[in-house]
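Residue numbers (the numbering used here), protein chains in the order written: chain A, -17 to 239; chain B, -17 to 239.
What follows is a short report on a single structure.
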DNA sequence: TTATTGGTGATTGATTATGATTGAAAATGG
DNA sequence: CCATTTTCAATCATAATCAATCACCAATAA
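Here it is in structure tokens:
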């Protein structure tokens, strides 16, 4: 094990797991805590992670130092780009399923097609769409999860089993060559039910999700039709997986303005 | 859980829920109140939230003036009074069903009991309750009706058939000696399903509804347990009907202040 | 061989985070 | 207004963690 190799592993681990303790890293990499601390120090200097007492956390988790609003807005802008691209696929008369999440919320916000039926399990999206006149809104029942603002659980799945939609837009926490993942089992089950009832399945995920593998698998790429993101695809492994499963990759760089 | 991780969580929580108590955060994050206070102090110094006695609130909502729509609600003051009275009946641990409507919305707004489960078919109420920490929120699925902001229809009724609640608060457009009525058949069917699944049925209606008979009957007085309003009952015929069916009549005049 | 260099593990005093305690301050309810 | 309760800030003790330092080893070059 070379030093740089070890540092890369630490960086990857913290990226995917959002946090790690010094003692745990030392054990995992079969080295001393001193070495881990030195590595963490260096990685922090390179902005790869953020140190804390006892370990380190991923930079985006520590979003409390750099002004929260600033970061929030900038994040929203990337997601708005994805949404702008995704919303073009929605045609009048269609039935659209919008999963909970900030990116799908942007889709709802930018939706201006008349005569569409929107089904959602997000209270925020529902709230947003109540103001839109040309939208027939259907809300999926379920239990509210305040971490994501989505309605999930058996009720949601039961209701989903009774509907069929033309197109579904799903968010995901992890996007890897084998498929998409999310940290919560309830959410995953609900998303899976969404995949099952949609003619066309679109995943929306900004590039920070690429390479991440979260706890629970939602589905594989063969179940997905389109992946929307905000930048060119630079992971050859993921690109290959998408191609093999006929998944269209679409993104909108900030071009036309 | 690292300190910075915890602080980020607190910041996010307060942002999304608009407020949080020290004790609740301590419990949620499995730490002491001392630590939470230190975190809150630091977060306040960074302008991420605003501390209050007992907790913190989000920076953006420092003042609570009536919402844009709320000013245009007729009899808003009466409805708030009715809600203040009705909300006293809700006890910790109970499961509460809140029908859509401006009066029931006021109940949601004034709800401050911890550990209750609230089931609602109103997007507005759901949206309001996402901000309340101690509430387990369940949303009834269904189709959105623009005129009332409620979710109704077969989906709603199906989901209602699968639940049982301790107490339900219903609105009504007409209150007459034979029972309560509403103008829309879909809404009526949904309200009827609500009556069926509740142990205790409470009707909330300001005095302007008394004597009105709307198009579709929801239920008769024998199905109702309590009627909340804003003034003494002056219709002897209605009073008689209530008495014969053991319906409690409760109101809150603007007394104690 | 010998010196040097870079990386490593161990040690230790210093630092930091935390939970408990207590008197002070603030909210609450007459 | 006062009494009561709740919450707070300040302080302390403790435990965990860290930075600094030193010694060691292996690889390399003179």
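Every residue, glycine too, gets a C-beta built ideally from N, C-alpha and C.
Residue nearest to residue i in terms of C-alpha spacing, selected from the options
{"i": "residue 181 of chain A", "options": "A:188, A:150, A:160 and A:168", "result": "A:150"}
{"i": "residue 80 of chain A", "options": "A:74, A:153, A:194 and A:208", "result": "A:153"}
{"i": "residue -14 of chain B", "options": "A:34, A:4 and A:-3", "result": "A:34"}
{"i": "residue 187 of chain B", "options": "B:130, B:14, B:61 and B:-5", "result": "B:61"}
{"i": "residue 72 of chain A", "options": "A:41, A:183 and A:179", "result": "A:183"}
{"i": "residue 30 of chain B", "options": "B:41, B:11 and B:37", "result": "B:41"}
{"i": "residue 206 of chain B", "options": "B:158, B:218, B:6 and B:129", "result": "B:158"}
{"i": "residue 155 of chain B", "options": "B:28, B:82 and B:32", "result": "B:82"}
{"i": "residue 10 of chain B", "options": "B:232, B:-2, B:-8 and B:27", "result": "B:-8"}
{"i": "residue 129 of chain A", "options": "A:8, A:104, A:66 and A:120", "result": "A:104"}
{"i": "residue 74 of chain A", "options": "A:37, A:66 and A:117", "result": "A:117"}
{"i": "residue 4 of chain A", "options": "A:13, A:93 and A:190", "result": "A:13"}
{"i": "residue 59 of chain B", "options": "B:213, B:222, B:223 and B:7", "result": "B:213"}
{"i": "residue 120 of chain A", "options": "B:87, B:127 and B:120", "result": "B:127"}
Burial state of residue i (16 or more Cβ within 10 Å)
{"i": "residue 98 of chain A", "result": "buried"}
{"i": "residue 229 of chain B", "result": "buried"}
{"i": "residue -16 of chain A", "result": "exposed"}
{"i": "residue 15 of chain B", "result": "exposed"}
{"i": "residue 109 of chain B", "result": "buried"}
{"i": "residue 47 of chain B", "result": "Only weak support exists for where residue 47 of chain B lies, its pLDDT of 41 falling under 50; the coordinates are left without a value."}
{"i": "residue 113 of chain A", "result": "exposed"}
{"i": "residue 20 of chain A", "result": "exposed"}
{"i": "residue 77 of chain A", "result": "buried"}
{"i": "residue 219 of chain B", "result": "exposed"}
{"i": "residue 43 of chain B", "result": "With a pLDDT of 43 at residue 43 of chain B, under the threshold of 50, the predicted position of this residue should be treated as unreliable, though the coordinate-derived value follows. With fewer than 16 Cβ atoms within 10 Å of its Cβ, residue 43 of chain B is classed as exposed."}
{"i": "residue 172 of chain A", "result": "buried"}
{"i": "residue 36 of chain B", "result": "exposed"}
{"i": "residue 94 of chain B", "result": "exposed"}
{"i": "residue 139 of chain A", "result": "buried"}
{"i": "residue -11 of chain A", "result": "buried"}
{"i": "residue 191 of chain B", "result": "buried"}
Interface partners of residue i on chain A, CB under 8 angstroms
{"i": "residue 176 of chain B", "result": "In chain order: nothing, as chain A lies at least about 13 angstroms away."}
{"i": "residue -2 of chain B", "result": "128 and 131"}
Cross-chain neighbours of residue i in chain B, by beta carbon under 9 angstroms
{"i": "residue 32 of chain A", "result": "-14"}
{"i": "residue 39 of chain A", "result": "-16, -14, -13 and -10"}
Cβ pair residue i, residue j closer than 8 angstroms
{"i": "residue 174 of chain B", "j": "residue 200 of chain B", "result": "yes"}
{"i": "residue 39 of chain A", "j": "residue 0 of chain A", "result": "yes"}
{"i": "residue 115 of chain A", "j": "residue 169 of chain A", "result": "no"}
{"i": "residue 167 of chain A", "j": "residue 196 of chain A", "result": "no"}
{"i": "residue 89 of chain B", "j": "residue 145 of chain B", "result": "no"}
{"i": "residue 64 of chain B", "j": "residue 85 of chain B", "result": "yes"}
{"i": "residue 122 of chain B", "j": "residue 123 of chain A", "result": "yes"}
{"i": "residue 141 of chain A", "j": "residue 137 of chain B", "result": "yes"}
{"i": "residue 179 of chain B", "j": "residue 134 of chain B", "result": "no"}
{"i": "residue 234 of chain B", "j": "residue 66 of chain B", "result": "yes"}
{"i": "residue 160 of chain B", "j": "residue 202 of chain B", "result": "yes"}
{"i": "residue 215 of chain B", "j": "residue 221 of chain B", "result": "yes"}
{"i": "residue 198 of chain A", "j": "residue 162 of chain A", "result": "no"}
{"i": "residue 2 of chain B", "j": "residue 210 of chain B", "result": "no"}
{"i": "residue 7 of chain A", "j": "residue 18 of chain A", "result": "yes"}
{"i": "residue -6 of chain A", "j": "residue 194 of chain A", "result": "no"}
Chain A contact residues for residue i, given Cβ-Cβ distances below 9 angstroms
{"i": "residue 35 of chain B", "result": "Within 9 angstroms Cβ-Cβ: nothing; residue 35 of chain B doesn't reach chain A, min ~23 angstroms."}
{"i": "residue 172 of chain B", "result": "Within 9 angstroms Cβ-Cβ: nothing; residue 172 of chain B doesn't reach chain A, min ~12 angstroms."}
Under 7 angstroms by beta carbon: chain B residues contacting residue i
{"i": "residue 1 of chain A", "result": "-16 and -13"}
The segment 110 to 135 of chain B: positions lying closer than 7 angstroms to chain A by Cβ: 112, 119, 120, 121, 122, 123, 124, 125, 126, 131 and 133
Near-chain A residues of the segment 88 to 113 of chain B (beta-carbon distance less than 7 angstroms), N- to C-terminal order: 105, 108, 109 and 112
Positions along the segment 136 to 148 of chain A whose CB lies within less than 8 angstroms of some CB in chain B: 137, 138, 140, 141 and 144
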